[in-house]
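Numbering (my numbering), first residue to last: 1 to 342.
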Amino acid sequence: MTPPAFTSRLSSFPRARLGHFPTPLEPLPHLTQTLGGSTLWVKRDDAVGPAMGGNKTRKLEFLFGEAQAHQATAVATFGGLQSNFARQMTAGARALGLEPHCFYFASRPKKLEGNLLLNELMDAHLHFIPFGQSDEPSMTLEQSVRLVRWVAQVTPSLWDKRLYFMPVGGHTPVGCLGYVLAAMEIEEQLRERGVEQATIVTAVGTGGTLAGLMAGFHLAGSKHNVLGIDVGKLWRAFPASIASLASEICALLGQSRKFTAADVPMIERTYVGQAYARPTPESQDAMRLVARQEGLVLDPVYSSKAMAGLVDLARSGQGRWKPGEHAVFLHTGGMPTLWATS
Numbered sequence: 001m002t003p004p005a006f007t008s009r010l011s012s013f014p015r016a017r018l019g020h021f022p023t024p025l026e027p028l029p030h031l032t033q034t035l036g037g038s039t040l041w042v043k044r045d046d047a048v049g050p051a052m053g054g055n056k057t058r059k060l061e062f063l064f065g066e067a068q069a070h071q072a073t074a075v076a077t078f079g080g081l082q083s084n085f086a087r088q089m090t091a092g093a094r095a096l097g098l099e100p101h102c103f104y105f106a107s108r109p110k111k112l113e114g115n116l117l118l119n120e121l122m123d124a125h126l127h128f129i130p131f132g133q134s135d136e137p138s139m140t141l142e143q144s145v146r147l148v149r150w151v152a153q154v155t156p157s158l159w160d161k162r163l164y165f166m167p168v169g170g171h172t173p174v175g176c177l178g179y180v181l182a183a184m185e186i187e188e189q190l191r192e193r194g195v196e197q198a199t200i201v202t203a204v205g206t207g208g209t210l211a212g213l214m215a216g217f218h219l220a221g222s223k224h225n226v227l228g229i230d231v232g233k234l235w236r237a238f239p240a241s242i243a244s245l246a247s248e249i250c251a252l253l254g255q256s257r258k259f260t261a262a263d264v265p266m267i268e269r270t271y272v273g274q275a276y277a278r279p280t281p282e283s284q285d286a287m288r289l290v291a292r293q294e295g296l297v298l299d300p301v302y303s304s305k306a307m308a309g310l311v312d313l314a315r316s317g318q319g320r321w322k323p324g325e326h327a328v329f330l331h332t333g334g335m336p337t338l339w340a341t342s
């Protein structure tokens, strides 16, 4: 499929404009000098807005577009206590005049901090389900819908509304169209800077961001590469689930590209540590290094572990990019978790 046909199909999907695009692509000169070998950049999706920003806003633009097309009056999602997606969904809902509902797999904390505090500030309807783990769950859409129906017995008034349900992390082919657009955006920004080939490094949680970038760069016929750093062991079927999602994204846009697990450019488990949402000594060191050298603050769950991976690969000389080539670090946001202990 030619790029014009691909972009035309992409533009046909309803989209609610929430973010400030394009997000900046900035050099990291001091970190480049410290690590040596590669020219480093940062793609500032932490600066996308609203409500302290983050990469989920790209997905939410398409999900809210679909919600509006269905004439929804309320939206709902599930997540861990410090879900960035729930916070960004709440902000988007308030901006668009919809009613946000957030369901958490935990008892209500005595003190609301971080993302929970921001959700209360924005008057989200917070529902606490005291079972299961409080970290981001690994659930399929079907499992999530079944749980929504169960919760409906507890909150029947929710079903009096035209509800649009958003799965954990916006992990759907439609939501991930946001990162197809991001791939096109990065491609253009690198072209403007005279960069012909680069490796884009991103954290991988549920895998939607990586899947969207894979599909986007493939559809655009790009020379750029993507490298995902696993931060949480969230899916048993990694990386097959990412390959399947990337294939579904391409199908949405009219191309029958079938990705396999072998096509997924991801380093699994190496930089995860004990578990999702638990910092490692290496991720904490990476946070300090980047903050002190570039004045750039990373979050403790996603971007710090991904940066720990980038730093390790650069120092060991085993990066997926050659010395002298460019590497772009995707900052996915998540800053409110810095002020949370729950």
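All residues carry an ideal CB built from backbone N, CA and C; glycine is no exception.
These numbers come from a predicted model, not from an experiment.
- Following the DSSP letters along the chain, one finds LYS43 inside the beta strand (DSSP E) bounded by residues 39-44.
- In the DSSP assignment, VAL264 is bridged to no other residue.
- The Cβ atoms of LEU181 and GLY228 lie no closer than 9 Å to each other.
- A straight-line Cα-Cα distance of about 31 Å links PHE103 and ALA308.
- Check the Cα spacing between GLY92 and each of SER83, PHE64, ASN115 and ALA314: the tightest is with PHE64.
- Secondary structure at PRO109: coil, using DSSP grouped into helix, strand and coil.
- From the listed residues GLY36, TYR302, GLY178 and PRO22, the smallest Cα separation to THR202 is found for TYR302.
- Distance check between LEU330 and each of LEU313, GLU66 and LEU298 places LEU298 closest, using alpha-carbon atoms only.
- ALA67: member of the alpha helix (DSSP H) spanning 56-69, first to last residue.
- The DSSP assignment places complete alpha helix (DSSP H) segments of no fewer than 4 residues inside the region 192-233 at 208-219, in order along the chain.
- Cβ neighbours of THR32 within its own chain (closer than 6 Å, five residues either side excluded): THR39 and LEU40.
- VAL264 sits away from ALA251, with the two beta carbons spaced by 9 Å or more.
- Look at VAL75 here: in three-state DSSP terms it is strand.
- Following the DSSP letters along the chain, one finds LEU25 inside the beta strand (DSSP E) bounded by residues 25-27.
- Here PRO100 is buried: its Cβ has 16 or more other Cβ atoms, across all protein chains shown, within 10 Å.
- For the 9 Å CB-CB criterion, ALA69 and PRO14 form a contact.
- In this structure, the straight-line span from the alpha carbon of CYS176 to that of GLY208 is close to 6 Å.
- Two segments are said to touch when three or more pairs of C-beta atoms, one from each, lie closer than 8 Å; by this definition the region 8-25 touches the region 44-64.
- Judged by DSSP in its simplified three-state form, ALA277 adopts coil rather than helix or strand.
- Closest by C-alpha distance to GLY324, out of SER12, PHE6, ALA5 and GLY37, is GLY37.
- Counting other Cβ atoms within 10 Å of its Cβ, PRO281 stays below 16 and is therefore classed as exposed.
- At least 9 Å separates the beta-carbon of ASN55 from that of LEU81.
- DSSP places GLU99 inside the beta strand (DSSP E), whose first and last residues are 99-104.
- Taking C-beta separations shorter than 8 Å and ignoring five residues to either side along the sequence, the partners of LEU296 in its chain run LEU28, VAL42, VAL290 and HIS331, following chain order.
- Residue range 84-96 is occupied by the alpha helix (DSSP H) that includes PHE85.
- When beta bridges are read from the DSSP output, HIS20 appears opposite no residue.
- With respect to the 9 Å criterion, TYR179 and ARG9 are not classified as neighbours on the basis of their beta carbons.
- For the pair VAL226 and ILE267, the CB atoms are not nearer than the 9 Å cut-off.
- Straight-line spacing of the CA atoms in LEU313 and PRO239 works out to 20 Å.
- Counting other Cβ atoms within 10 Å of its Cβ, LEU245 reaches 16 or more and is therefore classed as buried.
- When DSSP states are grouped into helix, strand and coil, LEU338 belongs to the helix group.
- Around the beta-carbon of GLN71, fewer than 16 other beta-carbon atoms lie within 10 Å, marking it exposed.
- Collapsing the DSSP output to three states places HIS30 in a helix.
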